[in-house]
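Mapped onto our numbering, the consecutive letters of the sequence shown carry residue numbers 72 to 130. Note that the Cβ used here is the ideal one computed from N, Cα and C, for glycine as well. This one's a predicted model, so the numbers in the text were calculated from it and none came from an experiment. Remarks on the structure that follows.
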Amino acid sequence: MKLAGFFLLIAGWIIVLAAIALFPSATLRGWFALTGAAVELLGLVLVFRSHLELRKDRG
72 MKLAGFFLLI AGWIIVLAAI ALFPSATLRG WFALTGAAVE LLGLVLVFRS HLELRKDRG
């Protein structure tokens, strides 16, 4: 689950950078950047949850 979280963090950045580079309209760029940020947030949540599970198992 931790690896999937890190992949989602990277994918979120790629989505944001692609939106900035590819879309001429500010509205489309904004929506895709927001989507990329949501993907990054999902990845961050997965990484934090996997770290919490590891701490519970150890301690």
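1. Give the secondary structure of F94 by DSSP, where H, G and I count as helix, E and B as strand, and everything else as coil.
2. Excluding the five sequence neighbours on either side, which residues of its own chain have a C-beta within less than 6 Å of the C-beta of V87, listed in chain order?
3. Report buried or exposed for L117, applying the criterion of at least 16 other Cβ atoms within 10 angstroms of its Cβ.
4. Please classify L93 as buried or exposed, where buried requires at least 16 other C-beta atoms within 10 Å of its C-beta.
5. Taking Cβ positions, are L79 and L113 nearer each other than 7 Å?
Well, looking at it:
1. coil
2. Here the set comprises A104, G107.
3. buried
4. exposed
5. yes
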